[in-house]
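S.K.:
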Amino acid sequence: MGPHPAVAAIRLAVRRVLHDLLTEHHRAPVAVPHALSHESPPLVLVACSGGADSMALASALAFESPKLGIRAGGITVDHGLQPGSEARAAEVVQRLRELGLDPVDSVAVTVGRTGGPEAAARDARYAALDTVAERHGAAAVLLGHTRDDQAETVLLGLARGSGIRSLSGMAAVSGAGGRYRRPFLELDRQTARKACMVQSLPVWDDPHNADPAYTRSRLRHEGLPALEKALGKGVVEALARTARLSRDDADALDSWASQAEATVRDAAGLLECAKLYALPPAVRRRVLRRAAIEAGAPAGSLFARHIEEIDRLITGWRGQGAINLPGKVVARRQGGRLVIRQG
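So for the sequence shown, our numbering puts the first residue at 23; every next one is plus one.
(1) Does DSSP put Gln281 in a helix, in a strand, or in coil?
(2) In chain order, what are the residue ranges of uninterrupted alpha helix (DSSP H) at least 4 long that sit wholly in the segment 305-346?
(3) Let me know if Ser196 comes out buried or exposed under the rule of 16 or more other beta-carbons within 10 Å of its beta-carbon.
(4) In its own chain, which residues sit with a C-beta less than 6 Å from the C-beta of Ala160, not counting the 5 before and 5 after it?
(5) Whose CA, out of Ala300, Val129, Gly357, lies closest to the CA of Val115?
(6) Since Ile336 and Thr213 are thought to touch, with beta carbons under 8 Å apart, how far apart are those beta carbons, to the nearest angstrom?
(7) Let's see if you can read the secondary structure: which residues bound the beta strand (DSSP E) around Asp152?
(8) Go ahead and pull the three-state DSSP assignment for Val131.
(9) So if DSSP puts Arg363 in a beta bridge, which residue, or which two residues, is it bridged to?
(10) Could you pull the start and end residues of the alpha helix (DSSP H) that Ile186 belongs to?
(11) Is the beta carbon of Ala314 less than 8 Å from the beta carbon of Leu324?
(12) Roughly how many angstroms separate the alpha carbons of Asp271 and Gly166, rounded to a whole number?
(13) Helix, strand or coil, according to DSSP, for Arg182 in the structure here?
(14) In the DSSP assignment, the beta strand (DSSP E) including Thr98 goes from what residue to what residue?
(15) Within this structure, are the beta carbons of Leu151 and Val133 separated by less than 8 Å?
(16) Evaluate Arg203 with the Cβ neighbour count: other Cβ atoms within 10 Å of its Cβ, from every protein chain shown; 16 or more gives buried, anything less gives exposed.
(17) Cβ of Arg363 within 8 Å of Cβ of Ala317?
(18) Using alpha carbons as the reference points, say which of Pro348, Asp145, Pro125 lies closest to Arg311.
(19) Smallest Cα separation from Asp233: which of Trp226, His243, Leu83?
(20) Buried or exposed: where does Ser277 fall if 16 or more other Cβ atoms within 10 Å of its Cβ makes it buried?
(21) Starting from Val36, follow the beta strand (DSSP E) in both directions and report where the run begins and ends.
(22) Going by C-alpha to C-alpha distance, which of Asp100, Pro229, Ser268, Lys216 sits closest to Leu176?
(23) To the nearest angstrom, how far is the alpha carbon of Ser81 from that of Ser190?
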């Protein structure tokens, strides 16, 4: 008799990602003789909060990795936002070790205030994951985001009016060199929780996930249920499908913009306004965004309204002054050219 369907589903999702990583590992160029190449098996880490999604992910990684000759470890991040967080992090470390994962690290971080509490906690968390992954030379870090998380991300992007890239949600592969992998984007949250239950895995429910002070929590407990009540079941699946389609479109437009950028610069490398004007708006705004980031504007602080203001220097030119952007970057129109630079 095989494993419970929920357990089988999470294991299959992880197995597919591990196969992809092995393929990439064996294709990677090495600077050692062929006989020694890929001698050390790759290390894959799981980011685990102790919640149902990440515990299900950790259990599947622990089960699948030995069969494929992959080393498996774990990381838990203590955000220090709740009383007893240090003790809970220690409990997660113990659970991961009991699953057979090694190495297992616990990292305490200080959460700032930039961008709001949720964004600040996310930034601190990813910085910690990057540091641990680099220290251990990990091939990848697995994240437990589910289809439900994807649906919430799409709705949050829609509410911000951030454009098609925001509607594309979370990528299955992201980060520098494809470090972050999300095996569960096609699985719902209930499958992960069921897998934990049938395996008798203890899980911790973060009270922040039920706190209405947080936008995502309100969306999860009020917004999505209201949408399902009004529109019927299947809203989560439809939003996740929207993310996949939007990502394909956004990738295509990004590629187009990358090719178009070289055609709208003069011999000195400055952007020519007349040539920019001739581009489709979706392509032109991507070119402008890339130029602003290259000039030093932080990507995370560069919003749609900033790009729209720069775009008006091209499409609604009436002699207006310079546009101030994040990162002390300034965009101005001079002699038919668009100049974007710091200072």
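C-beta: ideal position from N, C-alpha, C; glycine also. Keep in mind it's a predicted model, so treat the numbers as computed, not measured.
M.R.: Reading it off the structure:
(1) helix
(2) 326-337
(3) exposed
(4) Leu65, Leu67
(5) Closest option to Val115, Cα to Cα, is Val129.
(6) That belief does not hold up - the Cβ atoms of Ile336 and Thr213 are roughly 48 Å apart, past 8 Å.
(7) Counting along the chain, Asp152 falls outside any beta strand (DSSP E), though it belongs to the alpha helix (DSSP H) covering 139-158.
(8) coil
(9) Val352
(10) Segment 186-189, the alpha helix (DSSP H) holding Ile186.
(11) yes
(12) 25 Å
(13) helix
(14) 93-100
(15) no
(16) buried
(17) Taking 8 Å as the Cβ cut-off, Arg363 and Ala317 qualify as a contacting pair.
(18) Pro348
(19) Restricting attention to Trp226, His243, Leu83, the CA atom closest to the CA of Asp233 is found in His243.
(20) Flag for Ser277 reads exposed.
(21) Not the beta strand (DSSP E): Val36 falls in the alpha helix (DSSP H), residues 27-49.
(22) Checking the sequence, you will find Val at residue 176 rather than Leu. Per the Cα distances, Ser268.
(23) 28 Å
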